[in-house]
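Have a look at the structure below before the remarks.
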Amino acid sequence: MTSDEPSNESRPPCQQAARGFWSEAWRRFRSRKLSMAALGFVLFLVLVATFAPAIAGTKPVICRYKGTIYVPCLAYFDRTLEPVIFAKDKFRGTYPANLAEKDPESWAIWPLVFQDPYRSVRDNEWPGEPANPARDQGAPSSRNLFGTDQYGVDVFAKMVHGTTVALLVGFVSMGLAGTIGITIGATAGYCGGWVDMLASRLIEVVMCIPTLVLILALVAFVDKPSIWKTMAIIGLTGWTGIARLARAEFLRLRSSEFVMAARAAGAGPLRIMARHILPNALAPVLVPITFGIASAILIESSLSFLGFGPPPPSVSWGSLLNDARSNLQMWWLVVFPGVAIFLTVLSYNLVGEGLQEATDPRLREARK
Amino acid sequence: MPTSPPSDEPLLSIDRLVTAFHTQAGRVPAVDGVSLSVAKGRTLGLVGESGCGKSVTAMSILGLVASPGRIESGSIRLATDGEPVELVGMPERRLRQIRGGKVGMIFQEPMTSLNPVFTIGDQVAEAVRLHRRVSRAEARARALEMLRLVRIGDPEQRIDEYPHQLSGGMRQRVMIAMALACEPSLVIADEPTTALDVTIQAQILELLSDLRQRLGTAILLITHDLGVVAETCDDVAVMYAGKIVEQASADELFANPLHPYTIGLLAARPESARSGAGQRLTTIPGAVPPPQHFPSGCRFHPRCSYLKEPRCSAEMPELREITPGHFVRCHEAGQLEASC
Numbered sequence: 208m209t210s211d212e213p214s215n216e217s218r219p220p221c222q223q224a225a226r227g228f229w230s231e232a233w234r235r236f237r238s239r240k241l242s243m244a245a246l247g248f249v250l251f252l253v254l255v256a257t258f259a260p261a262i263a264g265t266k267p268v269i270c271r272y273k274g275t276i277y278v279p280c281l282a283y284f285d286r287t288l289e290p291v292i293f294a295k296d297k298f299r300g301t302y303p304a305n306l307a308e309k310d311p312e313s314w315a316i317w318p319l320v321f322q323d324p325y326r327s328v329r330d331n332e333w334p335g336e337p338a339n340p341a342r343d344q345g346a347p348s349s350r351n352l353f354g355t356d357q358y359g360v361d362v363f364a365k366m367v368h369g370t371t372v373a374l375l376v377g378f379v380s381m382g383l384a385g386t387i388g389i390t391i392g393a394t395a396g397y398c399g400g401w402v403d404m405l406a407s408r409l410i411e412v413v414m415c416i417p418t419l420v421l422i423l424a425l426v427a428f429v430d431k432p433s434i435w436k437t438m439a440i441i442g443l444t445g446w447t448g449i450a451r452l453a454r455a456e457f458l459r460l461r462s463s464e465f466v467m468a469a470r471a472a473g474a475g476p477l478r479i480m481a482r483h484i485l486p487n488a489l490a491p492v493l494v495p496i497t498f499g500i501a502s503a504i505l506i507e508s509s510l511s512f513l514g515f516g517p518p519p520p521s522v523s524w525g526s527l528l529n530d531a532r533s534n535l536q537m538w539w540l541v542v543f544p545g546v547a548i549f550l551t552v553l554s555y556n557l558v559g560e561g562l563q564e565a566t567d568p569r570l571r572e573a574r575k
Numbered sequence: 035m036p037t038s039p040p041s042d043e044p045l046l047s048i049d050r051l052v053t054a055f056h057t058q059a060g061r062v063p064a065v066d067g068v069s070l071s072v073a074k075g076r077t078l079g080l081v082g083e084s085g086c087g088k089s090v091t092a093m094s095i096l097g098l099v100a101s102p103g104r105i106e107s108g109s110i111r112l113a114t115d116g117e118p119v120e121l122v123g124m125p126e127r128r129l130r131q132i133r134g135g136k137v138g139m140i141f142q143e144p145m146t147s148l149n150p151v152f153t154i155g156d157q158v159a160e161a162v163r164l165h166r167r168v169s170r171a172e173a174r175a176r177a178l179e180m181l182r183l184v185r186i187g188d189p190e191q192r193i194d195e196y197p198h199q200l201s202g203g204m205r206q207r208v209m210i211a212m213a214l215a216c217e218p219s220l221v222i223a224d225e226p227t228t229a230l231d232v233t234i235q236a237q238i239l240e241l242l243s244d245l246r247q248r249l250g251t252a253i254l255l256i257t258h259d260l261g262v263v264a265e266t267c268d269d270v271a272v273m274y275a276g277k278i279v280e281q282a283s284a285d286e287l288f289a290n291p292l293h294p295y296t297i298g299l300l301a302a303r304p305e306s307a308r309s310g311a312g313q314r315l316t317t318i319p320g321a322v323p324p325p326q327h328f329p330s331g332c333r334f335h336p337r338c339s340y341l342k343e344p345r346c347s348a349e350m351p352e353l354r355e356i357t358p359g360h361f362v363r364c365h366e367a368g369q370l371e372a373s374c
């Protein structure tokens, strides 16, 4: 009777193509224009951060010098990547004149904007161009798009190179917070009992610590403050919300039927947590991570604004704001970094909200 | 009714199993001294109303009783490779090899028993890879073979679909494929057809008995539906309030029910001969008492229509063998008029 399955049992008519949960969520996310624009802006920032030395800098992107091809712009990522030959030939960081003078055969591809994030461009460094204006003379112009600070350093170049810090702070600290939060939340939710008790109290204790004050205390304590230490502190204190959500999800899914089925099939606890529950719990947990990235960027900016940011060689948007504090008549030092921080935080919040809408099962059911 | 040669050697034997939950209200014995045995390749139906301890018995076999509950005494022995091993008190690591490997489990709710984020092929393949050292490709091939075995149409395409794309009956077939993937010698089916509509129920039951005959798997079928038992089971055990009240072969039980509870259950079936067209269905008055409020004496006595005081409310009857192979827990068994 049942040797050939009747087709009416087999396929609900509403679903034709094979669609997983994530492709379904992506489809819903895409339909939200604002969230897509925000995601686009974040991707744009990633591109800017990746190609920062090619956008603004005083070192050639690629050049040919004495018969060899070099990529001097990598020095902006790590100073040791600068080819030794330029130091030996006494370039002293000034490429255009030196290249032409010491090897007439040489050629170079230059960054889009010839400005340095760490120093002022000197007179005639780029043939025919005057030095950057300093003090309060550096209002935005065609040469200095976002103006210059009181030392004549180009604000546009600083901001382009500061994008890396803004993005890294978000991703690294929330990557750390996410790992800690999911691990602790998952263990608490899945094991229950005294483990849950202990983890929940730990979450509450950490939650009570005001992050900014802790960071200020630690910065005062640590010998060599660096951007990585700031990220670590933000990550180590910012996992509580993630842990709470992960705990709730694991608690809910632990007693679900498919977990019972997996246990009855002989799966061990680690396997059940990582393979069966985590993919189901990930969507709600991703949302606070996205919002967390936004708040991590804000925390870093606040720290830099207060002067506890990364030490001078690295630039961040917040430290630009700090410079503006004593030069309030130079409005461009406030407006451009401020707008950049605002847009970035707004974008992450919009992405998070879109993610929430796209993955929340209740909202999803309501749409159907 | 399917028949298979009776085998003397039991595959699973449960002896005086007690599983109790320790709640704030005190100790709650959900399973109270249950003894059962399932022979190789046979189907035992475990019947009873909701809340009488059927599912807890099944979970006890797999060592999956949830936290406030635990097995307090008794023994569960499973013959693996001819050698009976004790499952009660077995370390978790070895129990995991039993689960899925030697004993498969089919759940009541096919809608929620499959993980929504994985394709059905992945889930069947995982069941294989949990117990066998095979490559991904081999596991997938085995999954395909299993899907074909449980008669899922177009398995090459279906293997990459997600549970939400399948109907309830299809999902239950996938669950059966998962339970049978490692060729267990016993399958516990906990109300496998309750959540399905009647036509699909019949297909699933037929599939189960067909697979049992083909693979030689014994089945412990837990159900509250005597119709299902009549169609599929060789032997029947009737459970009431944590205890077995009657046990016999299916033919014997349906022809000659001896316990008042069984008689009541049979009479309450719509297809029962006594309630012809136009007649009201007979019911058993009352409900199964919750374990913390089990009555004294025979636990069925407050609902029994053959009540003989004071003995029934004072003394717990023993499970007695009335005719060969037919066990009943009733003081009056054998003396009852078979009509009511």
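Keeping their order, the protein sequence lines are chains A and B.
Going by the numbering used here, the final residue of the first sequence carries number 575, and the count climbs one at a time with no gaps.
Going by the numbering used here, the final residue of the second sequence carries number 374, and the count climbs one at a time with no gaps.
Yeah, the Cβ is synthetic: ideal placement off N, Cα and C, and Gly gets one too.
query: Nearest-angstrom Cβ-Cβ length linking D330/A and T265/A, presumed shorter than 8 Å; result: D330/A to T265/A, Cβ: 14 Å. No contact.
query: Inter-residue Cα distance where the pair is V270/B and Q281/B; result: 6 Å
query: Residue range of the alpha helix (DSSP H) that includes V272/B; result: Unbroken run through V272/B is the beta strand (DSSP E), D269 to Y274; no alpha helix (DSSP H).
query: Paired residues, beta bridge with F55/B - DSSP; result: V62/B and G103/B
query: P377/B versus A175/B, E343/B and L220/B, residue with shortest Cα-Cα distance; result: Here chain B covers residues 35 to 374 and nothing more, so residue 377/B does not appear.
query: Rounded straight-line distance, which links the Cα of L341/B to that of G203/B; result: 43 Å
query: is_contact[F236/A, chain B] using C-beta, thresh 7 Å; result: no
query: Contact with chain A by S309/B, beta-carbon distance below 7 Å; result: Confidence at S309/B is low in this model, with a pLDDT of 48, below 50, so its placement is unreliable and no value can be given for it.
query: Any C-beta of chain A under 7 Å from that of G134/B; result: yes
query: Closest by C-alpha distance to V546/A, when choosing among T447/A, W524/A, V558/A and A256/A; result: W524/A
query: Helix, strand or coil at W189/A according to DSSP, with G and I counted as helix; result: Residue numbering for chain A in the displayed model covers 208 to 575; residue 189/A lies beyond these limits and cannot be assessed.
query: Short-range partners of chain A found in the segment 271-292 of chain B, where Cβ spacing is below 9 Å; result: none
query: Amino acids of chain B, ordered along the chain, whose beta-carbon sits closer than 7 Å to that of P491/A; result: What P491/A touches in chain B: nothing, since even the nearest Cβ is about 13 Å away.
query: Minimum Cβ-Cβ distance from M350/B to chain A less than 7 Å; result: no
query: When D194/B, T296/B, H165/B and A177/B are compared against A472/A, the one with the closest alpha-carbon; result: H165/B
query: I105/B vs T57/B beta-carbon contact at 7 Å; result: no
query: Bridge partners - W314/A, DSSP secondary structure assignment; result: R271/A
query: Best match in L112/B, L287/B, E265/B and P336/B for proximity to V272/B [C-alpha to C-alpha]; result: L287/B
query: Beta bridge counterpart(s) of P44/B as assigned by DSSP; result: A73/B
query: Contacts of P544/A in chain B (Cβ-Cβ under 9 Å); result: Going along chain B, no residue has its Cβ under 9 Å from P544/A, so there is no contact; the nearest lies around 42 Å.
query: Partner residues on chain B for S407/A, Cβ-Cβ distance less than 8 Å; result: Near S407/A there are no residues of chain B at all, since even the closest Cβ is about 17 Å away, more than 8 Å.
query: S101/B classed as buried or exposed, judged by whether at least 16 other C-beta atoms fall within 10 angstroms; result: exposed
query: Within-7 Å CB hit, N529/A to chain B; result: no
query: Cross-chain neighbours of M196/A in chain B, by beta carbon under 8 Å; result: The structure shown does not extend to residue 196/A, since chain A is modelled only from 208 to 575, so the question has no answer here.
query: Among A264/B, A92/B, L181/B and G60/B, nearest to S71/B - alpha-carbon criterion; result: A92/B
query: Chain A contacts made by the segment 107-133 of chain B, where a contact means CB separation under 7 Å; result: R130, Q131 and R133
query: Rounded C-alpha distance that separates M35/B from A301/B; result: Residue placement at M35/B is poorly supported in this model, since its pLDDT is 42, which falls under 50; the coordinates still yield a value, given next. Looking at the two C-alpha atoms, the distance is approximately 20 Å.
query: Cβ separation of L255/B and L80/B, assumed to be a contact under 8 Å, to the nearest whole Å; result: 7 Å
query: Length of the line joining the Cα atoms of L423/A and K436/A; result: 12 Å
query: When A259/A, T551/A, V494/A and I484/A are compared against L505/A, the one with the closest alpha-carbon; result: T551/A
query: Bounding residues of the beta strand (DSSP E) (the contiguous stretch that carries S349/A); result: From DSSP, S349/A is part of no beta strand (DSSP E); its letter is neither H nor E.
query: Other residues of its chain near A294/A: CB distance less than 6 Å, five sequence neighbours each side excluded; result: none
query: CB contact check: A92/B to chain A, cutoff 7 Å; result: no
query: Chain-order list of residues whose beta-carbon lies under 6 Å from that of P291/B (same chain, five-residue window excluded); result: I297 and L300
query: Below-7 Å beta-carbon distance, G525/A vs any chain B residue; result: no
query: Through-space distance from L241/A to L562/A, alpha-carbon basis; result: 12 Å
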